[in-house]
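Participant:
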Amino acid sequence: MTNNSNFRYQVFKKASLARNFEEEVIANVKNKNIKIPVYVSAGQEFIASTIATICEIKKIKPLLFGQHRCHSTYLTFGGDKTKLIDELLEKKTGCTKGMGGSASIHSKKINMYGHDGLMGSNGPIGVGACYATKKPTIIFLGDAAAEEDYVLGALGWASTKNLPLLVIVEDNNYSILTEKKIRRNWEMSDVARAFKMKGFNLDDNPMNIYKYSKYFFKQPCLLNINTNRIYWHAGAGKDSEKTFDRYKSEKKLLGIEANLIDRKTKQLIKKLWQKRLEK
Amino acid sequence: MAKTLREVIKETVHYHLKKKKGFVFGQCLTAVGWVGGTLPHLTEKDGMIDLSMADVANGGIVAGAALSNRRPIYVIRYQGFSWFNAPIILNYACKSKEIWGIPSPIMIRGIAMEGSIGPVAGSSHNSIYYKMPGIKIISPMTPSEYKYAYKYFMKNDDVVYVSEHRGSYDNKDELKDFLPADCDLILFAISITRFEAFKVKKKLEKKGYKIGIANILWIKPFKIKDKWISSLKKSKYGGVVLDDDYSKGVASDIAYRLMKMSGKKIEIMGLKDKSAGFSKETDNLPPNSKEIIKMISKITKRKK
């Protein structure tokens with residue numbers, strides 16, 4: 001068992017990188033330096049940050065299959081920040097040479113595979129890669145993408161083959177602005193259990209996520225993690241200021257040191273953006 | 280003794296699993312018929328993997344497996360099932376090399392057949408794949424063409440759609456182009472219609488016509504031989520493209536390109552623009568020799 005406090009700081013450092021990066025993305029959308037649609041992960045970053053920290057502790061380098069809202073996955077697992085900035089600025093030096101934009105980022109260095117834009121296609125693709133290689137694999141989905149029929153079909157097969165697969169559903173309750181309760185009356189954790197996988201429904205508190213890490217990569221496991229997005233689809237708007245923000249809550253809980261991390265990271269990210277914008 | 284195409288496919292799959300350590304994915308592979316006798320009696324341990332019946336997911340699973348360099352062969356038992364199996368292959372595997380620099384090479388064995396199998400399962404459906412970038416389409420009907428298709432797949436990083444037809448599985452012969460200097464008309468034949476083209480040639484020869492035959496092996500890229508164009512230019516009546524798919528797809532595009540290059544009129548014959556039923560009266564079959572001869576007769580009269 002890891003030291004609780006150390007673990008929380010490690011997670012917070014990663015979350016701080018993701019949050020400050022995304023705030024800078026939004027600022028650059030507003031001032032029109034970024035001209036392509038962006039899908040920011042602000043508000044949901046504690047999920048990828050916690051999973052990435054657990055993988056570091058366990059010394060596991062998994063195959064990663066994300067989709068849109070995946071900047072935080074890329075950044076927290078060690079993707080090159082400069083290359084992501086360049087990608088969003090449509091440069092050839094970007095992580096996907098300007099072709100992937102915000103939604104289809106990838107990195108060979110961290111085993112992160114790009115996404116084609118069909119919601120949830122990373123589900124079956126990740127299952128296939130996991131089957132072929134037998135390597136620990138993580139699929140990141142949103143609560144809407146998880147509803148795709150081909151995601152469900154792939155999960156059933158992954159369970160049948162008992163693959164070392166971790167499926168993370170970042171459940172922010174919305175598909176654009178349509179709430180989950182309008183779309184369905186079931187939970188993904190129940191579906192996973194029906195498929196004889198390990199399936200859990202939890203919030204994005206890092207310590208809660210950590211509790212389930214004993215199941216990671218030993219058998220197919222799905223975590224439906226309830227979270228809140230700060231910005232709407234493609235950064236088109238913002239939810240209420242009253243929406244619970246895990247980042248603010250953890251910063252408050254961890255105190256001065258977290259404030260320092262946040263401040264330093266903000267400066268670092270700002271400088272990095274400025275440098276790339278000047279190029 | 281010469282081998283049938285069925286035997287050659289079976290040997291190719293065996294070689295792929297045992298010597299190349301590849302995968303073969305599909306539904307009901309190990310069922311009674313072993314997909315028309317083209318699969319060796321091997322198991323998951325050998326790399327022959329029965330998937331669930333979730334068609335759309337299965338295409339994605341194969342695309343993901345292809346990222347591992349184990350070069351999966353994906354068996355689609357009826358080409359019409361591509362409507363469900365193709366989306367993730369076309370949108371991910373076919374684009375992966377271009378967008379992310381990571382190839383996802385798959386050899387898709389799409390198998391056609393027809394006659395009393397209803398509105399979806401029958402015929403070839405190359406046109407589903409044709410318009411999308413990053414895919415190659417080849418339709419081998421002979422043993423050596425099949426060996427060539429497999430070699431191409433193994434030497435390159437592409438997704439290759441191998442458009443097969445059960446009607447060719449017993450074939451042992453190679454089908455060569457027949458392009459005499461003074462053709463009346465040339466048949467550009469795809470898939471199972473290639474066999475009909477030879478029947479037409481034989482029947483019309485007796486009536487004094489010289490019918491040329493151009494065998495279309497590569498559908499995408501459509502490889503046009505210089506000899507086809509020079510023969511077309513010299514022909515009296517132009518040509519007809521014969522297809523086992525709906526005529527408003529690959530066949531139309533090929534006809535357009537041949538017309539552009541030769542300046543000659545090219546007609547098309549494929550499936551009719553209607554849904555196929557199960558009864559003989561309501562079926563939708565590719566053009567047979569009788570129908571092709573009727574079309575040629577119309578063309579020759581029109582020219583007179």
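Chains as they are written, first to last, in this note's numbering: chain A, 1 to 279; chain B, 280 to 583. No residue lacks a Cβ here, since even glycine has one placed at the ideal position from N, Cα and C. Note that the structure is predicted; figures quoted are calculated from it, not measured.
1) Name the chain B residues whose beta carbon is nearer than 7 Å to that of S104/A?
2) If contact means a Cβ-Cβ distance below 9 Å, which residues of the segment 290 to 320 of chain B contact chain A?
3) Let me see if you follow: with CB-CB separation under 8 Å, is S361/B close to chain A or not?
4) List, in order along the chain, the chain A residues whose C-beta lies closer than 8 Å to that of N364/B?
5) For the segment 321 to 341 of chain B, list every residue whose C-beta sits within 7 Å of some C-beta in chain A, in sequence order.
6) Residues of chain A with a CB under 7 Å from the CB of Y408/B: which are they?
7) Determine the direct distance from the alpha carbon of I256/A to that of S383/B, and round the result to whole angstroms.
8) Per DSSP, which one or two residues make a beta bridge with T53/A?
9) Would you please verify whether the beta carbon of R356/B is less than 8 Å from any beta carbon of chain A?
10) Does any residue of chain A have a CB that is nearer than 8 Å to the CB of L346/B?
11) Rank M386/B, R536/B, G315/B and R388/B by C-alpha distance to the C-alpha of I508/B and give the top, closest one.
12) Which complete beta strand (DSSP E) runs does the segment 388 to 423 of chain B hold, if anything under 3 residues is left out?
13) Please list the terminal residues of the continuous alpha helix (DSSP H) segment that includes H295/B.
14) Looking at G401/B and E443/B, is the spacing between their C-beta atoms short of 8 Å?
15) Determine the DSSP secondary structure at C307/B, reduced to helix, strand or coil.
16) At what residues does the alpha helix (DSSP H) containing A476/B begin and finish?
17) Check whether the Cβ atoms of L330/B and Q306/B lie closer than 8 Å to each other.
18) With burial defined as no fewer than 16 other Cβ atoms inside 10 Å of the residue's Cβ, what is the status of N162/A: buried or exposed?
19) Which one of Y210/A, N205/A, A144/A and V127/A has the shortest CA to CA distance from I182/A?
20) Taking the straight line between their C-alpha atoms, what separation do you get for K583/B and K410/B?
21) So H327/B and L296/B are in contact, right, with Cβ under 8 Å, and what is the actual spacing, rounded?
22) Do you know how far the Cα of N33/A is from the Cα of M1/A?
23) From N4/A, N3/A, F7/A and G43/A, pick the residue whose C-alpha is nearest to that of N172/A; which is it?
24) Answer yes or no: the CB of L118/A versus the heavy atoms of the ligand GDP, is any distance below 7 Å?
25) Leaving out the 5 sequence neighbours to the left and right, which residues in its chain are closer than 8 Å to I340/B when beta-carbon positions are compared?
26) Where are the alpha helix (DSSP H) runs, 4 residues long or more, that stay fully inside the segment 156 to 202 of chain A, in chain order?
27) Could you tell me which chain B residues have their CB closer than 7 Å to the CB of P124/A, listed as they occur along the chain?
28) Between N111/A and K61/A, is the Cβ-Cβ spacing less than 8 Å?
29) Which residues bound the beta strand (DSSP E) around T137/A?
30) Would you mind telling me which residues of chain B sit closer than 7 Å to W186/A, beta carbon to beta carbon, in chain order?
31) Does DSSP put E90/A in a helix, a strand or coil?
32) Looking at chain A, is there any beta carbon in it that lies within less than 8 Å of the beta carbon of K374/B?
33) May I have the straight-line CA-CA distance separating S406/B from M574/B, to the nearest angstrom?
34) Does the CB of R388/B have a neighbour CB from chain A at under 8 Å?
35) Is it the case that the Cβ atoms of A336/B and A154/A are separated by a distance below 8 Å?
Facilitator: So, from the listed chains and residues:
1) Per Cβ cutoff of 7 Å: I378.
2) From the segment 290 to 320 of chain B, only F302 and F304 have a Cβ closer than 9 Å to chain A.
3) Judged by the 8 Å Cβ criterion, S361/B is not in contact with chain A.
4) In chain order: nothing, as chain A lies at least about 11 Å away.
5) Residues passing the 7 Å Cβ filter: L330, S331, A333, V335, A336, G339, I340 and V341.
6) Ordered by position in chain A, no residue passes the 7 Å Cβ test against Y408/B, which lies about 16 Å from the chain.
7) Roughly 48 Å between the two C-alpha positions.
8) In DSSP, T53/A forms no bridge with anything.
9) Interface criterion not met: the Cβ of R356/B is under 8 Å from no Cβ in chain A.
10) Output row for L346/B: interface = yes.
11) Nearest C-alpha to I508/B: R536/B.
12) Runs found: 414 to 417.
13) H295/B: member of the alpha helix (DSSP H) spanning L284 to K297, first to last residue.
14) Taking 8 Å as the Cβ cut-off, E443/B and G401/B do not qualify as a contacting pair.
15) The answer is coil: DSSP assigns C307/B none of H, G, I, E or B.
16) If you look at A476/B, you'll find it in the alpha helix (DSSP H) that goes T472 to E484.
17) With contacts defined by Cβ atoms closer than 8 Å, L330/B and Q306/B form a contacting pair.
18) It counts as exposed.
19) Between I182/A and the set Y210/A, N205/A, A144/A and V127/A, the nearest pair of CA atoms involves A144/A.
20) Residue placement at K583/B is poorly supported in this model, since its pLDDT is 47, which falls under 50; the coordinates still yield a value, given next. For the pair K583/B and K410/B, the Cα-to-Cα distance works out to about 37 Å.
21) The amino acid occupying residue 327/B in the given sequence is Met; His does not appear at that position. So it is a contact: roughly 6 Å between Cβ atoms.
22) Unreliable placement is indicated for M1/A, whose pLDDT of 45 sits below 50; no coordinate value is reported for it.
23) When only C-alpha atoms are compared, the closest one is G43/A.
24) Here there are no bound small molecules, and the ligand GDP is not part of this structure.
25) Take I340/B, set aside five residues on each side of it, and the residues of its chain with a beta-carbon closer than 8 Å to its own are F304 and L330, in chain order.
26) Fully enclosed alpha helix (DSSP H) runs of 4 or longer: 180 to 183 and 188 to 194.
27) Neighbours of P124/A on chain B, chain order: A336, G339, I340, G343 and I367.
28) A contact, by the Cβ cut-off of 8 Å.
29) T137 to G142 is the span of the beta strand (DSSP E), which, as asked, contains T137/A.
30) Simply none; closest approach about 18 Å.
31) Coil at E90/A, not helix or strand.
32) Chain A, which has a Cβ nearer than 8 Å to the Cβ of K374/B, makes this yes.
33) The straight-line gap from Cα to Cα measures roughly 23 Å.
34) Under the Cβ distance rule, R388/B does not count among the residues neighbouring chain A, no pair being separated by less than 8 Å.
35) Their beta carbons are under 8 Å apart, which means A336/B touches A154/A by this criterion.
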